[in-house]
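Asker: Mind looking over this structure? Questions follow.
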Amino acid sequence: MKLSLAALAGLPAAQRPRHDPRDARVGIVHLGIGNFHRAHQAVYADDALAAGERGWAICGINLRSRGIVDRLNAQDGLYTLLVRGAADGANEADGAAKGGDLGTQARIVGSLREAIAYPDDPARAAARLADPAVRIVSLTITEKGYADGEGGAIALLLDGLAARMAAGAGGLTLLSCDNLSMNGDTLRRVLREAVARRGDAALAGFVDQRIECPNTMVDRIVPATGEAELREARALTRLDDACPVATEPFSQWVIEDRFAAGRPDWARDGVQFVRDVAPFEAMKLRLLNAAHSAMACLGVPAGLDTVDQAIADPVLRAFVERMWREDLIPTLPAEVRDAAPGYCAALLGRFANPALGHRLRQIAIDSSQKIPMRWLPSARERLAAGEVPDALAAAIAGWVRFLGGRGEHGEGWEVDDPHAQALAQRLARADAVDAVLGFEPVFGDLAGNARLAGRVRHWHRRLLAEGTRGALR
Ligand code: CS2
Numbered sequence: 418m419k420l421s422l423a424a425l426a427g428l429p430a431a432q433r434p435r436h437d438p439r440d441a442r443v444g445i446v447h448l449g450i451g452n453f454h455r456a457h458q459a460v461y462a463d464d465a466l467a468a469g470e471r472g473w474a475i476c477g478i479n480l481r482s483r484g485i486v487d488r489l490n491a492q493d494g495l496y497t498l499l500v501r502g503a504a505d506g507a508n509e510a511d512g513a514a515k516g517g518d519l520g521t522q523a524r525i526v527g528s529l530r531e532a533i534a535y536p537d538d539p540a541r542a543a544a545r546l547a548d549p550a551v552r553i554v555s556l557t558i559t560e561k562g563y564a565d566g567e568g569g570a571i572a573l574l575l576d577g578l579a580a581r582m583a584a585g586a587g588g589l590t591l592l593s594c595d596n597l598s599m600n601g602d603t604l605r606r607v608l609r610e611a612v613a614r615r616g617d618a619a620l621a622g623f624v625d626q627r628i629e630c631p632n633t634m635v636d637r638i639v640p641a642t643g644e645a646e647l648r649e650a651r652a653l654t655r656l657d658d659a660c661p662v663a664t665e666p667f668s669q670w671v672i673e674d675r676f677a678a679g680r681p682d683w684a685r686d687g688v689q690f691v692r693d694v695a696p697f698e699a700m701k702l703r704l705l706n707a708a709h710s711a712m713a714c715l716g717v718p719a720g721l722d723t724v725d726q727a728i729a730d731p732v733l734r735a736f737v738e739r740m741w742r743e744d745l746i747p748t749l750p751a752e753v754r755d756a757a758p759g760y761c762a763a764l765l766g767r768f769a770n771p772a773l774g775h776r777l778r779q780i781a782i783d784s785s786q787k788i789p790m791r792w793l794p795s796a797r798e799r800l801a802a803g804e805v806p807d808a809l810a811a812a813i814a815g816w817v818r819f820l821g822g823r824g825e826h827g828e829g830w831e832v833d834d835p836h837a838q839a840l841a842q843r844l845a846r847a848d849a850v851d852a853v854l855g856f857e858p859v860f861g862d863l864a865g866n867a868r869l870a871g872r873v874r875h876w877h878r879r880l881l882a883e884g885t886r887g888a889l890r
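Next up, the structure:
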């Protein structure tokens, strides 16, 4: 039987939403209903609905494909959340049933009440933003969604906000949930620039006066869905779900408490509201995500498949620990530096979760958008202090080699990156290290740094000659 509202009654209480989705009313519009959103913000919304806050269901808008929209609509917006490796008592303990070989808990999420494909229905999508009952518009549009300011999300926000202003529907909070430093500030800047290009002075005033864009830090590891997830969802719920999402027990959300039109009482469900997200976000991007990207760039060419395999490799693990200790922790904001060793110890446990199957190739996607926020702030600081960020240089050399598209055992892969073409053209013309380090959209002012280039060149040579393990050992 297919997953649907009608099928919920047959599920054990622990797997069912702890609210009746039919009674939920939309108060959040979300742009980008990929796996991360459905394992993170949609779960917090589900918890708010379960606590009786009925007005915070989600209307999800997908910006590119309609595939996920059709799959969700065909099962009444419901989907299965598979929390993997939860056996040792994590923060997902309530409301989920145990089962499966790997201690996976299945739970049906009922907060997504509408799904719209923006390319098919731009007017309906914009009208959703003008509904006075909608008080938050959240976004997961990935790093590159902010890059040119002309992407679908920004166009939709402009149309939606103009409609909202015209309808007199009041202020709104735009909640960026992407892995960007100062994601809310970035969104506001990109939005302002786009409004200015439109030359709409009234809309500019509306954005400045009625729109809040708090910065947030979001954290939950969410691998892509494959056959194994479809099978596991069916095994645990006895229902067919075309779009389950698997994730880890850990979940964190830190938000600056500036909302234009109210918000759910998310603190009840563990959300941290703070005045300034910057230190939290620096810690997460520069410890978790930096390590992820390093494992991906160094691990893929060595033939490693998943994060748990990489962190189980003694050489890679020692490398990650050295990178944290020498280059990353010393350059964190002072207020989180003391917490960093404990945070890293917890990360080692999360990375080692063998049930996640989090693929290094997934993490390597869009590296050109990730590296500037994950590695380069610390590299700059170390260089400014007269030191050479040696471990980061090795990671950068790993990326240079990754861009070559060939591994140690002859395996190949496609470089999935908005700058793939530009980088490939440069690589065809020049020495690999010069070609990559000289690429200003990624390295900016570091492009001409001779000390950094020297170490990257050293590591690149050794990676090619000795392989990842040989070189790092
Ligand atoms: C990962 C992140 O794919 C990636 O680049 O580093 O998606 C990571 O899993 C999340 O940020 C964890 O919160």
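With the sequence shown counted from 1, adding 417 to any position gets you my numbering.
Where a beta carbon is used, it is the ideal one built from N, C-alpha and C, also for glycine.
Keep in mind the model is a prediction, meaning the values are calculated, not measured.
The ligand COA and K787: does the residue's C-beta get closer than 7 angstroms to at least one heavy atom of that ligand?
Answerer: In terms of ligand content, the structure shown lacks the ligand COA and carries the ligand CS2 instead.
Asker: When the Cα of A801 is compared with those of L869, G827, R754, which residue comes out closest?
Answerer: L869
Asker: Determine the direct distance from the alpha carbon of A713 to that of E646, and round the result to whole angstroms.
Answerer: 22 angstroms
Asker: Taking 7 angstroms as the cut-off, does the CB of N596 come closer than this to any heavy atom belonging to the ligand CS2?
Answerer: yes
Asker: Quick one: residues in its chain with C-beta nearer than 7 angstroms to the C-beta of A684, no 5 flanking neighbours on either side, listed in chain order?
Answerer: F690
Asker: Compare the beta carbon distance of N479 and G449 with 8 angstroms and say whether it is the shorter of the two.
Answerer: yes
Asker: Specify, as a first and last residue, the run of the alpha helix (DSSP H) that F690 falls within.
Answerer: It is not in any alpha helix (DSSP H) - F690 instead sits in the beta strand (DSSP E) that spans 689-691.
Asker: When the Cα atoms are used, what is the spatial distance from R879 to G643?
Answerer: 36 angstroms
Asker: If you count every other CB in all the chains shown that lies within 10 Å of the CB of K419, and 16 or more means buried, which is it?
Answerer: exposed
Asker: Looking only at its own chain, which residues have a Cβ that is under 8 angstroms from the Cβ of R651, when we skip the five neighbours before and after it?
Answerer: D657, D658
Asker: Among E752, H775, D807, A864, which one has its Cα closest to the Cα of D744?
Answerer: D807
Asker: Applying the criterion that 16 or more other CB atoms from any shown protein chain within 10 Å of the CB defines a buried residue, is S785 buried or exposed?
Answerer: Note on S785: 16 or more other CB atoms within 10 angstroms of its CB, so buried under the neighbour-count rule.
Asker: Run the CB neighbour count on G887, radius 10 Å, all protein chains shown included, and call it buried at 16 or more, exposed below.
Answerer: exposed
Asker: For V403, which residues from the same chain have a beta carbon less than 6 angstroms from its beta carbon, with the 5 sequence-adjacent residues on both sides left out?
Answerer: For residue 403 there is no data in the structure shown, the boundaries of the chain being 418 and 890.
Asker: Can you name the start and end residues of the alpha helix (DSSP H) that H875 belongs to?
Answerer: Taken as a continuous stretch (DSSP letters only), the alpha helix (DSSP H) holding H875 covers 867-889.
Asker: Any chance the CB of H709 is under 7 angstroms from a heavy atom of the ligand CS2?
Answerer: yes
Asker: Could you give the residue range of the alpha helix (DSSP H) that holds L498?
Answerer: Run containing L498: none in the alpha helix (DSSP H); it sits in the beta strand (DSSP E), 496-500.
Asker: Considering just the uninterrupted stretch of the alpha helix (DSSP H) at D725, what are its terminal residues?
Answerer: 724-729
Asker: List the endpoints of the continuous alpha helix (DSSP H) containing A441.
Answerer: Element bounds for A441: n/a, residue is neither H nor E.
Asker: Thinking just about the alpha-carbon of each residue, which of G759, D602, T654, L604 is nearest to the one in G427?
Answerer: T654
Asker: Express the C-alpha separation of P429 and F667 in angstroms, rounding to a whole number.
Answerer: Here the C-alpha atom of F667 lies approximately 24 angstroms from the C-alpha atom of P429.
Asker: State the beta-bridge partners of H447 as determined by DSSP.
Answerer: G477, S555
Asker: Do you know whose CA, among F453, P438, R776, Q669, lies nearest I558's CA?
Answerer: F453
Asker: Look up A699 in the DSSP assignment and give the residues it is bridged to.
Answerer: In the DSSP output, where bridge partners are listed per residue, A699 has none listed.
Asker: Please say whether A719 and T885 have beta carbons closer to each other than 8 angstroms?
Answerer: Closer than 8 angstroms, so yes.
Asker: Please report the residue range of the alpha helix (DSSP H) in which M634 lies.
Answerer: Careful: M634 lies outside any alpha helix (DSSP H), inside the beta strand (DSSP E) at 633-636.
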